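J.: Residue numbers (my numbering), protein chains in the order written: chain A, 1 to 334; chain B, 1 to 261. Ideal Cβ positions, reconstructed from N, Cα and C, are used throughout, including at glycine. The model shown is predicted, which means the values in this text are computed figures rather than measured ones. Right, I'll just put the structure down here and ask away after.
In structure tokens form, the structure reads like this:
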């Protein structure tokens, strides 16, 4: 914990994977820029990795005033130990008031460990963050599968940690005229325990758009009826340059791999558009997609609960509607 | 090998009432179950026990009636159970809870592996697992979807990532959190449930596990829950009527108007 009176500036973890910034980090920089507003706080992007200095400029263009560059061989691929050890050191040296970390598989592992190490508080998987003159970071986070929204404060301990759900904030438009500075972190003498070895990073998603990062997700459920019929869902997802999702029923039936599952025991997503095809809308599924901007439901059963949360609903046969929609989207997208 | 599984008892549904006057979630009267994510942790520990003869201890922090969930875990195949219960623990945030559970785990003896679910269905923070590892001073791998190899002092696992998975190895003791993909949990047997009824489960208070009272409960928690509210209602849905062609045309028009196409 660092003294409240000494804490200032809003930090964002600039996470990169295989030398590319992850989207949620840029979203968090844009959000931090808004929070910093006209106050005297600076937005710092903390860039960890190996040979990653080239990414600093895009962080400045996204809204960072300072890029704190921490480069080390041990930071090349994510492991909790070196990330937490180095971040603890940097927080101690620079004393940020708040620290926003993307709530993806890296951040969800790293942030709690960092909170405990620093003796500070963490609001996890936030969908909204605002700034209050007295309280600092005000975090809104879903509980009970999105049926309860909790406002979480961290009154005394600093830095206030928050992990931000991907797609909760818009991706900032790069501003090439923005100026910022790069601060090189001195990592000498930091005691790093390096207990876990990363042997391999397997990319099963390939070139496909990832669920967490997609603007449009097209999901299929029990109503799709079989593994080969998922090509209809995939066809629309591809036409939209989006990702394919699935309900638990479709995953448990073995039609689609688990990595595509949206819902309580799968992934939580909040794309701009979520198209639910042949998904009845069990509460466990809704928990994973309810925060999407626009929900489109296509289902044969007019009484399906999915229509209760849908922005736009179509009662009909998905095998008739979806292929037609795919053609129309292809035309629109040119 | 001794494995500790950290579980939580949660209401069986996420459709809960909000008592806005009292600014709290009302779960009174709801049936309580083992957090579904934790059943994968339990199952994995029991499978290791069946394959190579480990002892499985299960621990939870909660009210006295949380012992029902511990008995269910015993009925699934766990060997020992420990309940951390004290009014002083009520209202602990995840950082404080991890601190309590860590001291409980240390009191219940040496361990090689700690397994936790990836998050609880009620609070949904997913914090306690990794925070617990930090409190215990052991390494963590979160979101484990497969244990590839486990020896007396070594583990190799697959960790689910946003792109696929990572393969990681490290020394024991270690804490892992697991995802649904890792296994399919069994149900407790009736015979097991009968037998578990007769087990005496140690109940430990703040004093028993030697926690600093200043680090637990609302006063010892760095975060405060300042408000709970229902989610903002979704804008009124619109059903698109007409022939399939018309429905699709209307949908495309709406999506264009919203600038998503």
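Using a Cβ cut-off of 8 Å, which residues of the region 118-129 of chain A contact any Cβ in chain B, in chain order?
T.: 119, 120, 121, 122, 123, 124, 125
J.: Have a look at B/1, B/15, B/62, B/156 and flag the residue whose alpha-carbon is nearest the alpha-carbon of residue 146 of chain A.
T.: Translated into positions along the first chain, residue 146 of chain A becomes position 146. Of all alpha-carbon atoms in B/1, B/15, B/62, B/156, the one lying nearest the alpha-carbon of residue 146 of chain A is that of B/15.
J.: Rounded to whole angstroms, what is the Cα-Cα separation between residue 21 of chain B and residue 150 of chain A?
T.: Residue 21 of chain B sits at position 21 when you count from the first residue of the second chain. Residue 150 of chain A sits at position 150 when you count from the first residue of the first chain. So the two alpha carbons sit approximately 15 Å from each other.
J.: Is DSSP giving residue 86 of chain B helix, strand or coil here?
T.: Translated into the one-based positions of the second chain, residue 86 of chain B becomes position 86. Coil at residue 86 of chain B, not helix or strand.
J.: What residues of chain B sit near residue 88 of chain A, judged by a beta carbon separation below 8 Å?
T.: Taking the first chain and counting its residues from 1, the one referred to as residue 88 of chain A is at position 88. Per Cβ cutoff of 8 Å: no residues; residue 88 of chain A is ~10 Å from chain B at best.
J.: Quick one: using the 10 Å Cβ neighbour count with 16 as the cut-off for buried, is residue 5 of chain A buried or exposed?
T.: As a position in the first chain, residue 5 of chain A is number 5, starting the count at 1. With fewer than 16 Cβ atoms within 10 Å of its Cβ, residue 5 of chain A is classed as exposed.
J.: Is residue 253 of chain A close to chain B? Criterion is C-beta to C-beta, closer than 7 Å.
T.: On the first chain, position 253 is the one that residue 253 of chain A refers to. No, no contact with chain B.
J.: From residue 189 of chain B to residue 75 of chain B, what distance separates their C-alpha atoms?
T.: Walking along the second chain from the start, residue 189 of chain B turns up at place 189. Walking along the second chain from the start, residue 75 of chain B turns up at place 75. Cα to Cα, the separation comes out at about 6 Å.
J.: Would the region 111-130 of chain A and the region 126-134 of chain B be scored as touching if the rule is three or more Cβ pairs under 8 Å?
T.: Yes, the region 111-130 of chain A is in contact with the region 126-134 of chain B.
J.: Determine which residues of the region 88-100 of chain B have a Cβ less than 8 Å from any Cβ of chain A, and write them out in chain order.
T.: 93, 94, 95, 98, 99
J.: What's the gap between the Cα of residue 264 of chain B and the Cα of residue 315 of chain A?
T.: Examination of residue 264 of chain B is not possible in this model, given that chain B is present from 1 through 261 alone.
J.: Taking just the CA atoms, how far does residue 49 of chain A sit from residue 158 of chain A?
T.: As a working mapping, residue 158 of chain A is identified with position 158 in the first chain. As a working mapping, residue 49 of chain A is identified with position 49 in the first chain. Answer to the nearest angstrom: the Cα atoms are 25 Å apart.
J.: I'd like to know if residue 154 of chain A contacts chain B, where contact means its C-beta is closer than 7 Å to some C-beta of that chain.
T.: Looking up residue 154 of chain A in the first chain gives position 154. Interface residue, yes.
J.: Could you give the uninterrupted runs of the beta strand (DSSP E) lying entirely in the region 15-84 of chain B, keeping only those of 3 residues or more?
T.: Listed in chain order, the complete beta strand (DSSP E) runs (minimum 3 residues) inside the region 15-84 of chain B are 17-19, 24-26, 32-34, 55-61, 80-84.
J.: Please classify residue 23 of chain A: does DSSP put it in a helix, a strand, or coil?
T.: Counted from its first residue, the first chain places residue 23 of chain A at position 23. Residue state, collapsed to three classes: helix.
J.: For a quick check, are the C-beta atoms of residue 40 of chain B and residue 182 of chain B less than 7 Å apart?
T.: Here residue 40 of chain B corresponds to residue number 40 of the second chain, with the count starting at 1. Here residue 182 of chain B corresponds to residue number 182 of the second chain, with the count starting at 1. Against a cut-off of 7 Å, the Cβ pair of residue 182 of chain B and residue 40 of chain B comes out as a contact.
J.: Residue 130 of chain A: buried (16+ other C-beta within 10 angstroms of its C-beta) or exposed?
T.: In the first chain, residue 130 of chain A corresponds to position 130, counting from 1. With fewer than 16 Cβ atoms within 10 Å of its Cβ, residue 130 of chain A is classed as exposed.
J.: Since residue 229 of chain B meets chain A, which of its residues come closer than 7 Å, beta carbon to beta carbon?
T.: Within the second chain, the letter at position 229 stands for residue 229 of chain B. Those within 7 Å of residue 229 of chain B in chain A are 149.
J.: My parser needs the beta strand (DSSP E) runs of 3 or more residues fully inside the region 145-179 of chain B; what are they?
T.: 154-160, 165-171, 174-178
J.: In terms of residues, what are the limits of the alpha helix (DSSP H) holding residue 110 of chain A?
T.: Numbered from its first residue, the first chain carries residue 110 of chain A at position 110. First-last of the alpha helix (DSSP H) with residue 110 of chain A: 107-118.
J.: Indicate, with yes or no, if the ligand SAH has a heavy atom lying under 6 Å from the CB of residue 260 of chain B.
T.: For the structure depicted, the ligand SAH is absent and the ligand set is empty, with no information on it obtainable.
J.: Quick test of your reading: residue 242 of chain A and residue 215 of chain A, contact by CB under 8 Å. State the CB separation rounded to the nearest angstrom.
T.: One-based indexing of the first chain puts residue 242 of chain A at position 242. One-based indexing of the first chain puts residue 215 of chain A at position 215. About 7 Å; that satisfies the 8 Å criterion.
J.: Residues bridged to residue 163 of chain A by DSSP?
T.: Here residue 163 of chain A refers to the residue found at position 163 when the first chain is read from its first residue. Answer is A/101.
J.: Cβ closer than 9 Å: which chain B residues qualify as neighbours of residue 301 of chain A?
T.: Here residue 301 of chain A refers to the residue found at position 301 when the first chain is read from its first residue. Per Cβ cutoff of 9 Å: no residues; residue 301 of chain A is ~13 Å from chain B at best.
J.: Please confirm whether residue 6 of chain B has its beta-carbon closer than 7 Å to some beta-carbon of chain A.
T.: Residue numbering aside, residue 6 of chain B sits at position 6 when the second chain is read from its first letter. Not one chain A Cβ lies under 7 Å of residue 6 of chain B.
J.: Excluding five sequence neighbours on each side, which residues of the same chain lie with their C-beta closer than 6 Å to the C-beta of residue 201 of chain B?
T.: Counting from 1 along the second chain, the entry for residue 201 of chain B is found at position 201. Sequence-distant partners of residue 201 of chain B (beyond 5 residues in either direction) whose C-beta falls short of 6 Å from its own C-beta, in its chain, are 67, 70, 81, 83.
J.: Using a C-beta cutoff of 7 Å, does residue 170 of chain B count as contacting chain A?
T.: If you number the second chain from 1, residue 170 of chain B lands on position 170. At least one chain A Cβ lies under 7 Å of residue 170 of chain B.
J.: Residue 143 of chain B by DSSP, collapsed to three states: which one?
T.: For this step, residue 143 of chain B is matched to residue 143 along the second chain. Reduced to three states, the DSSP call for residue 143 of chain B is strand.
J.: With DSSP collapsed to three states, give me the class of residue 230 of chain B.
T.: Here residue 230 of chain B is taken as the residue at index 230 of the second chain, counted from 1. Here residue 230 of chain B sits in coil by DSSP.
J.: What residues in the region 214-228 of chain B bring their beta carbon closer than 8 Å to a beta carbon of chain A?
T.: For the region 214-228 of chain B, which is checked against every Cβ of chain A, the residues closer than 8 Å are 221, 222, 223, 224, 225, 226, 227, 228.
J.: I'd like the list of long-range same chain contacts for residue 44 of chain A, defined as Cβ closer than 6 Å, with 5 residues on each side in sequence excluded.
T.: Walking along the first chain from the start, residue 44 of chain A turns up at place 44. Closer than 6 Å at the Cβ level, and outside the excluded window around residue 44 of chain A, lie 9, 11, 66, 68.
J.: What does a CB cutoff of less than 7 Å around residue 126 of chain B pick up in its chain, not counting 5 residues either side in sequence?
T.: As a working note, residue 126 of chain B is residue 126 in the second chain. Within the same chain, Cβ atoms closer than 7 Å to the Cβ of residue 126 of chain B are found at 118, 119, the five residues on either side in sequence being excluded.
J.: Take residue 278 of chain A and list the residues in its own chain whose beta-carbon comes closer than 8 Å to its own, dropping the five residues that flank it on each side.
T.: Position 278 of the first chain, counted from the start, is the residue given in the question as residue 278 of chain A. Excluding residues up to 5 positions away in sequence, 220, 221, 222, 223, 224, 225, 298, 299, 300, 318 lie with their Cβ nearer than 8 Å to the Cβ of residue 278 of chain A in the same chain.
J.: Would you report the Cα separation of residue 238 of chain B and residue 52 of chain A, rounded to the nearest angstrom?
T.: Here residue 238 of chain B refers to the residue found at position 238 when the second chain is read from its first residue. Here residue 52 of chain A refers to the residue found at position 52 when the first chain is read from its first residue. So the alpha carbons of these two residues sit roughly 47 Å apart.
J.: Nearest to residue 147 of chain B by alpha carbon, out of B/235, B/225, B/51, B/248?
T.: Taking the first residue of the second chain as 1, we reach residue 147 of chain B at position 147. Measuring from the Cα of residue 147 of chain B, the nearest candidate turns out to be B/51.
J.: Verify the CB distance criterion: does residue 134 of chain A have a CB-CB separation below 7 Å to chain B?
T.: Here residue 134 of chain A refers to the residue found at position 134 of the first chain. No - not a single Cβ of chain B is within 7 Å of the one on residue 134 of chain A.
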